[in-house]
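Numbering (this note's numbering) for the sequence shown: 9 to 431.
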Amino acid sequence: MDSASDQRRPRKCTAHVATAAAISLAALTACNGGSAGSGMDGETVIMHTWVGGDADREQWGAYVEAGNQADSSVDVSFSGPAIGNYYTALPTVLQGSNAPCIVTLQNGQVSPYIEGLEPLEDLAADVGLDLNEYNEAMLEQLSVDGEVYAIPYGAEPNLIFYNRGMFEEAGVPEPTLGWTTEEFLEAAEALTGDGQYGYAIGPGLFHPTYWMAANGEADWVQDGVGDLTDENLIERIQFKIDLATEHEVARPLEADAGGTFPHIDAFSNGQAAMMMNGTWDLQHQQDQIGEENLGITSIPSDDGVARGAIAGTGFAVTQNCSDQEAAMNAIAAMTSLEAQEEVGRTRGNVPSREAALEAWGADEAEEIVEVVREVTTNGVASEIPHNINELNTGFSQYIVEAYAGRSSVEDVLQLIAADDDQS
Numbered sequence: 009m010d011s012a013s014d015q016r017r018p019r020k021c022t023a024h025v026a027t028a029a030a031i032s033l034a035a036l037t038a039c040n041g042g043s044a045g046s047g048m049d050g051e052t053v054i055m056h057t058w059v060g061g062d063a064d065r066e067q068w069g070a071y072v073e074a075g076n077q078a079d080s081s082v083d084v085s086f087s088g089p090a091i092g093n094y095y096t097a098l099p100t101v102l103q104g105s106n107a108p109c110i111v112t113l114q115n116g117q118v119s120p121y122i123e124g125l126e127p128l129e130d131l132a133a134d135v136g137l138d139l140n141e142y143n144e145a146m147l148e149q150l151s152v153d154g155e156v157y158a159i160p161y162g163a164e165p166n167l168i169f170y171n172r173g174m175f176e177e178a179g180v181p182e183p184t185l186g187w188t189t190e191e192f193l194e195a196a197e198a199l200t201g202d203g204q205y206g207y208a209i210g211p212g213l214f215h216p217t218y219w220m221a222a223n224g225e226a227d228w229v230q231d232g233v234g235d236l237t238d239e240n241l242i243e244r245i246q247f248k249i250d251l252a253t254e255h256e257v258a259r260p261l262e263a264d265a266g267g268t269f270p271h272i273d274a275f276s277n278g279q280a281a282m283m284m285n286g287t288w289d290l291q292h293q294q295d296q297i298g299e300e301n302l303g304i305t306s307i308p309s310d311d312g313v314a315r316g317a318i319a320g321t322g323f324a325v326t327q328n329c330s331d332q333e334a335a336m337n338a339i340a341a342m343t344s345l346e347a348q349e350e351v352g353r354t355r356g357n358v359p360s361r362e363a364a365l366e367a368w369g370a371d372e373a374e375e376i377v378e379v380v381r382e383v384t385t386n387g388v389a390s391e392i393p394h395n396i397n398e399l400n401t402g403f404s405q406y407i408v409e410a411y412a413g414r415s416s417v418e419d420v421l422q423l424i425a426a427d428d429d430q431s
């Protein structure tokens with residue numbers, strides 16, 4: 009860490025991870041007898057994250073409580089807005105005088121926020137945290153220019169979720185690990201009809217980039233800048249559109265709006281037999297359509313090789329945190345092997361430590377464990393552009409023209425690039 013970073017780090021202060029009952033945001037005070045300090049409430053580390061309902065509260069409460077079991081000397085509280093508003097407000101949160109000490113990041117969305125985040129390798133070494141114990145692909149996606157900015161708390165490979173009952177009713181064989189794009193299309197066509205679709209299209213730029221990663225095409229971003237003329241990106245976006253307009257196996261998105269998740273709703277409600285999503289949605293979908301009815305498999309690839317499209321998800325320390333070492337201790341506790349095993353058992357969250365996979369898989373079906381282990385081991389991390397939020401906004405605005413046949417994918421991407429140049 010450079011000298012400027014060293015000057016930002018205060019003296020060590022004892023940290024504690026609170027039990028789930030202690031999840032309230034209080035006045036910000038530092039460790040030295042209650043004087044003002046950003047991101048601390050006495051000795052409690054304040055975490056800013058997305059909290060959109062009971063499921064989010066229970067998830068974060070599980071990490072906090074598991075961290076407490078791993079290290080009873082650590083204390084964390086959390087609060088925040090729903091996920092739809094989280095990233096929009098995050099730059100302001102990071103720059104504020106009352107910035108929290110910890111923030112959470114998903115889908116590798118690190119680059120847009122690094123001006124407000126602290127590189128973590130030196131802090132990890134200070135608290136004895138070995139980064140080699142975490143999933144390598146996830147660490148790669150949570151890094152910028154070789155610097156790790158977030159510690160992964162869960163492995164989130166993106167997969168194809170499918171409804172077993174709908175496959176059986178249509179007489180379609182269930183997909184196997186490492187299936188091809190052609191096999192996917194054949195299944196989707198056979199599953200479409202009688203008011204239901206074979207596949208539900210997800211919003212935003214992330215989904216076509218996951219198809220790219222599944223095909224080993226994860227290099228459209230260089231030095232934090234996305235190449236909107238990349239041939240593979242254009243091809244995968246066109247494929248997404250063709251699913252609705254040419255193959256007619258998916259409903260076209262009338263508005264590819266950020267903050268909404270029509271593919272999740274369609275799949276949960278039985279309006280679509282398949283969708284793409286991360287393993288973070290696994291327990292939710294088991295609850296929605298039935299544990300025995302939910303199947304998962306790899307994202308299909310042109311060559312039939314099962315590759316995991318990794319979405320790095322982790323805890324980060326803010327630059328304005330008044331006790332960065334306390335924050336790092338809290339992160340170490342919440343992502344420890346013991347905590348990962350506990351959250352994996354109680355919440356079904358896939359751990360970011362391979363050593364914790366056995367504990368997670370103890371209560372999961374063998375085929376679920378096999379798929380997750382394979383795609384996590386063979387995970388491909390895609391670099392995320394520093395302006396991904398602006399690109400997604402433009403994509404949401406213009407892609408509907410491509411679904412309607414009024415614009416080509418190239419035209420849409422040119423419009424997005426022009427807007428980005430003017431911003």
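Ideal placement from N, C-alpha and C gives every residue a C-beta, glycine not left out.
Verify the CB distance criterion: does residue i have a CB-CB separation below 8 Å to chain D?
i, result
"Asn285", "Protein chains in the displayed structure number just one, and chain D is not present."
Using the C-alpha atoms, what's the distance from residue j back to residue i?
i, j, result
"Arg172", "Thr305", "12 Å"
"Ala265", "Gln405", "Interpretation of Ala265 is limited by its pLDDT of 49, a score under 50 that renders its predicted location unreliable; no figure is taken from the coordinates."
"Glu243", "Ile392", "18 Å"
"Ile168", "Ala317", "11 Å"
"His255", "Leu302", "24 Å"
"Arg16", "Ser105", "Summary for Arg16: the model assigns pLDDT 32, below 50, so the residue's position carries little reliability; its value from the coordinates is reported in the next sentence. Cα-Cα distance, rounded: 14 Å."
"Glu378", "Arg414", "43 Å"
"Gly124", "Cys109", "11 Å"
"Tyr411", "Leu199", "21 Å"
"Ala425", "Ala221", "22 Å"
"Met336", "Val135", "7 Å"
"Asp295", "Phe323", "27 Å"
"His394", "Gly116", "10 Å"
"Leu251", "Ser330", "50 Å"
"Lys248", "Ala208", "10 Å"
"Thr287", "Val313", "19 Å"
"Met283", "Gln291", "15 Å"
"Ala178", "Phe192", "14 Å"
"Ala29", "Asp83", "Bear in mind that a pLDDT of 35 at Ala29, under 50, signals an unreliable position, so the model cannot answer this."
"Gln279", "Thr112", "32 Å"
"Asp289", "Ala63", "11 Å"
"Thr96", "Gln327", "19 Å"
"Glu418", "Val229", "17 Å"
"Asn76", "Phe275", "36 Å"
"Asp10", "Ala341", "Here Asp10 scores only 36 on pLDDT, less than 50, and its place in the model should not be relied on; the value that follows carries that caveat. Roughly 26 Å separates the two Cα atoms."
"Leu365", "Ser344", "13 Å"
Would the C-beta of residue i count as close to the ligand COA, meaning under 7 Å from any of its heavy atoms?
i, result
"Ile396", "With respect to the ligand COA, the structure shown offers nothing to examine, as it has no ligands at all."
By the DSSP assignment, the beta strand (DSSP E) with residue i in it spans what residues?
i, result
"Ala389", "387-389"
"Leu167", "165-171"
On the DSSP bridge list, what partners appear for residue i?
i, result
"Glu4", "Absent from the model: residue 4. The displayed extent of the chain is 9 to 431, so no value can be given."
"His56", "Ser87, Val111"
"Pro160", "Gly322"
"Ala280", "Tyr205"
"Leu302", "Asn171"
"Met48", "Val53"
Quick check on the DSSP output: the alpha helix (DSSP H) that includes residue i runs from which residue to which?
i, result
"Thr253", "239-253"
"Ile318", "Note, Ile318: premise wrong, no alpha helix (DSSP H); beta strand (DSSP E) at 316-318."
"Ile339", "332-342"
"Gln294", "290-297"
"Trp1", "Outside the modelled stretch of the chain, which goes from 9 to 431, sits residue 1, for which no answer is possible."
"Gly352", "345-355"
"Thr217", "214-222"
"Thr189", "189-199"
Starting from the Cα of residue i, find the closest Cα among the options and give me that residue.
i, options, result
"Tyr71", "Thr384, Gly203, Gly356", "Gly356"
"Thr401", "Arg353, Gly212, Trp368", "Gly212"
"Gly387", "Ala133, Arg259, Tyr205, Ser360", "Ser360"
"His215", "His56, Glu194, Asn166, Gly201", "Asn166"
"Leu185", "Trp228, Val420, Met220, Ile307", "Ile307"
"Leu147", "Ile396, Thr321, Asn337, Ile376", "Thr321"
"Ile245", "Phe86, Ser276, His271, Gly210", "Gly210"
"Asp49", "Ala107, Thr384, Gly352", "Ala107"
"Glu144", "Val82, Glu126, Glu164, Glu346", "Glu164"
"Pro181", "Pro260, Ala281, Val233, Leu113", "Ala281"
"Ser85", "Ala389, Gly298, Ile54", "Ile54"
"Ala258", "Ser81, Glu197, Ala132, Asn328", "Glu197"
"Ile407", "Val383, Asn277, Thr253, Glu366", "Thr253"
"Gln149", "Ala370, Ala78, Pro120", "Pro120"
"Glu262", "Ser46, Glu409, Thr52, Glu366", "Glu409"
"Asn140", "Pro183, Glu225, Trp187, Val156", "Val156"
"Ala74", "Glu299, Asp273, Gln348", "Gln348"
"Ile122", "Thr217, Val101, Tyr142", "Val101"
"Trp219", "Asn285, Thr237, His271, Gly69", "Asn285"
Problem set entry | Every unbroken alpha helix (DSSP H) within the segment 364-429, with a cutoff of 4 residues, ordered by chain | 365-369, 374-385, 396-411
Exercise. At what residue ranges does the segment 96-142 contain a whole run of the alpha helix (DSSP H), taking only runs of 4 or more?
Worked result: 129-134
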